[in-house]
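Down below is the structure, laid out as structure tokens.
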Ligand SMILES: Cc1ncc(COP(=O)(O)O)c(C=O)c1O
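See below:
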């Protein structure tokens, strides 16, 4: 893999029409963890699909065949990007829906005497339906808890929870409040050593790096494309050997169609077809930064992810220092990039100590910082750190298209309001 040059942020921003929208003029967008801007490739692909191929796909010839080809190509491209096979990829309406269907599929495989491990660091989408399923099945539910001060998960603790009874583990690749990447490869290695399956929620991580899911070792890997500069659609990788074990959740005649078995709904044709346009953007970035145009898509994803993360790492400490050094707010999560190994995603949760979170958000919005407050469906994560989820927290989240000037504006605004 070739060494990346630093990210050309001006070029990056030229690929996101939202920056040209009059409504966004003068605004700094810091609510990316809720949903990112879409890149121009995504927007153009959607317009093109709805204009030229918005018909029932897969009939022979004409627009219908073209629609089907676009859907197949998108599946092929995402499989290549993630390092998995095309029939291991499931498109569903959202990650919450995908995890719900998945838990229905796991239910008949589990029963009394089986342990299921969940965390309290997860977004509720990756824990709620699994918890309910495990309880209904009569399993023992174990919670791998975060450190109340740092919000981090400790691998040694996880290791001590594993036994031959452990059948299923659900973990986040990164928390949507604490922002730190968990060592998923090691978690999978440890869980597999006792014969357990691992479900990884990658929703908060993938906007910062497109992972080699094959290399990570997860049995199931999920993420939401609307946070990855793309359409509102969930992607779920289910590795083939597990897919073969799980009972079909779709119509009986779909039992032998791996891509359909875990989606009881009909796919959203347009969104599936346009889901991979963001990968054209990734390849464009790769070429723009000197990458070989003939490189494999997986290579382009790895190089561009490294560029994104290096850029984020340049900016994140400015915001972390401002939050950690402010006596009127409590930083939720690690204050430095290297508190533990793994990427410190710039998803920065904070709990104000002297004003209500929604009041702080209103004040920030008045200064042109778009952000939000609440529990972010990370109810248990906030509780684990002693933060009242009903009161909630504030989240400042950015991605690779954010500039240093924007971060400085947020730092100044925070200082002005809560300094
Ligand atoms: C970490 C995490 N997991 C899961 C979800 C749920 O994703 P979806 O909105 O696609 O159901 C979210 C959404 O915010 C999230 O941040």
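Numbering (our numbering), first residue to last: 44 to 462.
The beta carbon of each residue, even a glycine, is placed where N, CA and C say it ideally should be.
Heavy atom of ligand 1 within 7 Å of residue i beta-carbon
i           : result
residue 420 : yes
residue 414 : no
residue 318 : no
residue 219 : yes
residue 74  : no
residue 284 : no
residue 215 : yes
residue 251 : no
residue 95  : no
residue 311 : no
residue 246 : yes
residue 267 : yes
residue 81  : no
residue 166 : yes
residue 111 : no
residue 291 : no
residue 385 : no
residue 169 : yes
residue 429 : no
residue 376 : no
residue 277 : yes
Same chain, Cβ closer than 6 Å to residue i, five either side skipped, listed in chain order
i           : result
residue 143 : 172
residue 119 : 129
residue 89  : 317
residue 72  : 413
residue 254 : none
residue 137 : 277
Exposed unless 16 or more other CB atoms sit within 10 angstroms - verdict on residue i
i           : result
residue 244 : buried
residue 421 : buried
residue 99  : exposed
residue 232 : exposed
residue 447 : exposed
residue 247 : buried
residue 386 : buried
residue 433 : exposed
residue 103 : exposed
residue 236 : exposed
residue 251 : buried
residue 397 : exposed
residue 458 : exposed
residue 162 : buried
residue 486 : This structure cannot speak to residue 486, because the chain is shown only from 44 to 462.
residue 381 : exposed
residue 284 : exposed
residue 377 : buried
residue 101 : exposed
residue 54  : exposed
residue 281 : buried
residue 357 : exposed
Residue i (DSSP reduced to helix, strand or coil)
i           : result
residue 46  : Its pLDDT being 48, under 50, residue 46 is placed unreliably in this model, and the value from its coordinates should be taken loosely. DSSP places residue 46 in coil when its eight states are reduced to three.
residue 71  : strand
residue 57  : helix
residue 362 : helix
residue 118 : helix
residue 279 : strand
residue 417 : strand
residue 392 : strand
residue 267 : strand
residue 135 : strand
residue 123 : helix
residue 193 : coil
residue 445 : coil
residue 342 : helix
residue 86  : helix
residue 353 : helix
residue 458 : helix
residue 451 : helix
residue 302 : helix
Any non-hydrogen atom of ligand 2 closer than 7 Å to residue i Cβ
i           : result
residue 138 : This structure does not include ligand 2; its bound ligands are ligand 1.
8 Å CB neighbourhood of residue i in its chain, flanking five on each side removed
i           : result
residue 257 : 125, 126, 127
residue 210 : 152, 153, 157, 158, 159, 182, 238, 239, 240
residue 288 : 152
residue 442 : 75, 79, 250, 251, 351, 355, 389
Beta-carbon proximity list for residue i, same chain, < 7 Å, skipping 5 on both sides
i           : result
residue 292 : 144, 147, 148, 304, 305, 307
residue 297 : 291, 303, 304
residue 314 : 274, 275, 276
residue 140 : 277
residue 225 : 196, 214, 215, 216, 217, 385
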